[in-house]
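J.:
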Amino acid sequence: MIRKIFTAALFAASLFAFSCNSKDEKPKEKAESSTTSNETVKTEEGTVATPSGDIREAANGYCECFNQNFKTVDPKIQNIFIRAAESKEPLMVLQQEMLSITDPKEQERLGEEMQKLSGSKEMEACARNLQQKYKINENDKATQQQIASALESNGDCKLVAALMRIGLKQAEMAPNYPPRQ
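Numbering (the working numbering), first residue to last: 1 to 181.
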């Protein structure tokens with residue numbers, strides 16, 4: 001049961017980082033970057049340019065799309081993901097948080113809710129549409145960082161930002177990230 005919970009949590013969190021690039025597809029060309037700016041943002045991972053208008057629009061699109069699916073998410077789950085995103089080892093925090101729930105029925109209920117999130121075809125389609133619309137290369141770490149920064153600056157997008165940060169951190173820990181082009 002716990003393995004299913006973590007698989008679901010990881011899938012939901014990494015949806016942003018890997019949502020539409022399959023092994024059979026050729027890597028997308030990097031789009032002309034409209035993400036540069038004179039302003040910078042300091043993040044845990046380093047310094048990145050402040051999000052431009054296109055990136056902010058894309059982030060707002062992610063926020064709107066994913067928040068529609070997160071309307072009924074239990075606040076406990078939201079807080080677990082937000083705390084995990086703030087840590088250096090998000091999966092460890094997710095595991096510890098779930099194991100700290102002493103009631104097995106509550107643990108199972110929250111796990112099932114996480115699984116529902118991970119299987120959302122609507123969220124996958126939305127992410128794919130936004131990547132196409134804004135020509136987002138999901139393998140471009142700088143762009144992903146800018147989207148995460150834009151999400152974090154919007155108070156209504158805390159859960160979406162947390163999931164993206166978890167996905168980015170997990171992608172960095174993966175041995176083949178970023179994929180070679």
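Backbone N, C-alpha and C define an ideal beta-carbon position, used for all residues, glycine too. Just so we're clear, the structure is a prediction, and the values are computed from it rather than from any experiment.
Rounded to whole angstroms, what is the Cα-Cα separation between Q132 and Q95?
T.: For the pair Q132 and Q95, the Cα-to-Cα distance works out to about 34 Å.
J.: Short check: CB of I166 to CB of A59, under 9 Å?
T.: no
J.: Spatial neighbours of D156 within its chain, please: CB distance less than 8 Å, with the 5 preceding and 5 following residues excluded, ordered by chain position.
T.: Setting aside the 5 residues that flank it on each side, D156 is surrounded in the same chain by C63, N67, each with a C-beta closer than 8 Å to its C-beta; the list follows chain order.
J.: Can you give me the C-alpha to C-alpha distance between A171 and C126, rounded to a whole angstrom?
T.: 21 Å
J.: N38: buried (16+ other C-beta within 10 angstroms of its C-beta) or exposed?
T.: With a pLDDT of 34 at N38, under the threshold of 50, the predicted position of this residue should be treated as unreliable, though the coordinate-derived value follows. Exposed is the call here.
J.: How many angstroms separate the CA atom of A161 from the CA atom of K169?
T.: 12 Å
J.: Just the Cα atoms here: how many angstroms apart are K76 and A148?
T.: 22 Å
J.: Between M92 and M164, what straight-line distance do the alpha-carbon atoms span, to the nearest angstrom?
T.: 16 Å
J.: When you compare each of L151, R109, L130, G61 to V73 by their alpha carbons, which one comes out closest?
T.: R109
J.: Ignore the nearest five residues each way along the sequence and tell me which others in M123's own chain have a CB closer than 8 Å to its CB.
T.: L15, C65, F66, N69, L117
J.: On the three-state DSSP scale, how would you describe N72?
T.: Here the sequence assigns Thr to residue 72, which means Asn is not the residue at that position. T72 falls in the coil class under three-state DSSP.
J.: With a CB to CB cut of under 8 Å and the five nearest residues on each side skipped, what residues in its chain are close to M173?
T.: Excluding its 5 nearest sequence neighbours in each direction, M173 has no C-beta neighbour in its own chain below 8 Å.
J.: Which residues bound the alpha helix (DSSP H) around I166?
T.: 158 to 173
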